[in-house]
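*Asks:* Would you mind keeping the following structure in view while I ask a few things?
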Amino acid sequence: MKDKVFNLLPPAMIALMLCFWAFGPKGLLDHPATIILMGPMIMVIVLLLEQVHERHAGWRMNRQEFFTDLFYVVLSGTVIAWLSDTATGDTLGALKASLGITTAWAAALPWLVQVALALVVFEFGQYWMHRLMHNWTPFWLTHAPHHHITQLNAAKGAVGNPIELFLISLSVLALFDLDKTALFAAFGTMSVISTFAHANVRSDPPAWYAFFFTTIRHHSLHHSTDYEATRCNYGNSLILLDRLFGTYREGESALVGQDDRKRLSIWEQTVFPFQPLIDRYKARKAANDHSEPAAAA
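Residue numbering for the sequence shown follows the UniProt record's numbering, beginning at 1 and increasing consecutively.
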């Protein structure tokens, strides 16, 4: 019975999210704190669920993981969110205005269709950015730190190199005239899906849900220790895109990580994209230091 209840939690939370943004009190929907607190509240709820019905004991959060994850959650919700909004929202909004582009047709769509449109547009961009990161070395260097995590939990979606966190957040949604509540409902829905897809919760949603949306089974396989196995299931929330573009793989992995499951510190994650250049510089410096005494002799 407990398993059945937990299996239904992801679709139930999505239904609650949609109902809130569709029928909630206007004062609450318009309050700036609502959208700011929505993501953290979802994360806290799912983290609490991990304490009740965990999936793997090896993924259990410890003190070190808690404070590392907290750092990235705050970073993503502040600096990265501001950079992303400036780079896409403000820039694309200004470009749209200067070119006289209008998408009034989007605002005229039924509310649920607007939610679906926002979700698909955002996820489509994330899918291809994510796929690029696994297939081109310069981008993989920014994304690899996220794959060095050695456990999955509800906060792990926020963990990664800052460059990657910025790139994966970019979107063209600002080009569409959508109802604000529909837009926030889409973000809330994606937050629920992706949080459960990283969570250490024993929850296997119904087959219809898993056909469209990413689950922990899909995403744990994407985080497996075999690099080639990571080149699948790129959809952060919409696994349907993997099915459509031929990158879907069935399976699950309890062991996650890369490079013999080496866990990276915050500093190591930050400098990881530049590590090849740093190593090359150190090697050249060492070679020069070694050659100087020989030349003097």
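Ideal placement from N, C-alpha and C gives every residue a C-beta, glycine not left out. Remember, predicted model here, so these are calculated numbers, not experimental data.
Measure the Cβ-Cβ separation of PHE71 and ILE193 and say whether it is below 8 Å.
*Replies:* No, the Cβ-Cβ distance between PHE71 and ILE193 is not below 8 Å.
*Asks:* Tell me whether ASP30 is buried or exposed, calling it buried when 16 or more other Cβ atoms sit within 10 Å of its Cβ.
*Replies:* ASP30 should be labelled exposed.
*Asks:* What residue range does the alpha helix (DSSP H) around HIS148 cover?
*Replies:* Run containing HIS148: none; DSSP gives neither H nor E here.
*Asks:* Name the one or two DSSP bridge partners that SER253 has.
*Replies:* SER253 pairs with nothing; no bridge assigned.
*Asks:* Check this for me: beta carbons of THR103 and PHE176, under 8 Å apart or not?
*Replies:* Yes.
*Asks:* Using the three-state DSSP reduction, which class does VAL201 fall into: helix, strand or coil?
*Replies:* Strand.
*Asks:* So, does the region 62 to 71 touch the region 190 to 206, judging by three or more C-beta pairs under 8 Å?
*Replies:* Short answer: they don't touch.
*Asks:* Short check: CB of HIS146 to CB of ARG263, under 8 Å?
*Replies:* No, the Cβ-Cβ distance between HIS146 and ARG263 is not below 8 Å.
*Asks:* Going by DSSP in three states, SER265 sits in which element: helix, strand or coil?
*Replies:* Of the three classes helix, strand and coil, the one that applies to SER265 here is coil, per DSSP.
*Asks:* How many Å lie between GLY93 and LEU170 at the Cα?
*Replies:* If you take the alpha carbons of GLY93 and LEU170, they lie about 14 Å apart.
*Asks:* Are there any heavy atoms of the ligand PLP lying less than 7 Å away from the beta-carbon of ALA254, as far as the coordinates show?
*Replies:* What this structure holds is no ligand at all, so the ligand PLP is not there to describe.
*Asks:* Between the region 151 to 160 and the region 34 to 47, do three or more beta carbon pairs fall short of 8 Å?
*Replies:* Contact between the region 151 to 160 and the region 34 to 47 is present, because at least three Cβ pairs lie under 8 Å.
*Asks:* Write down the C-beta distance between residue 302 and PHE184 rounded to the nearest angstrom, noting that I regard them as a contact closer than 8 Å.
*Replies:* Beyond the ends of the chain as shown, which are 1 and 297, falls residue 302; an answer cannot be given.
*Asks:* Please say whether THR215 and ASN236 have beta carbons closer to each other than 8 Å?
*Replies:* Their beta carbons are not under 8 Å apart, which means ASN236 does not touch THR215 by this criterion.
*Asks:* Does the beta-carbon distance from LEU18 to THR189 come in below 8 Å?
*Replies:* The answer is yes: Cβ separation under 8 Å.
*Asks:* What's the call for TRP128, buried or exposed, on a 16-neighbour Cβ count within 10 Å?
*Replies:* Exposed.
*Asks:* Determine the direct distance from the alpha carbon of ALA210 to that of ASN7, and round the result to whole angstroms.
*Replies:* Spanning the two alpha carbons is a distance of roughly 11 Å.
*Asks:* Report all residues from its chain with a CB closer than 7 Å to the CB of ASN161; omit the five preceding and five following residues, and keep chain order.
*Replies:* Only THR142, PRO145, GLN269, THR270, PHE272 and PRO273 meet the Cβ criterion.
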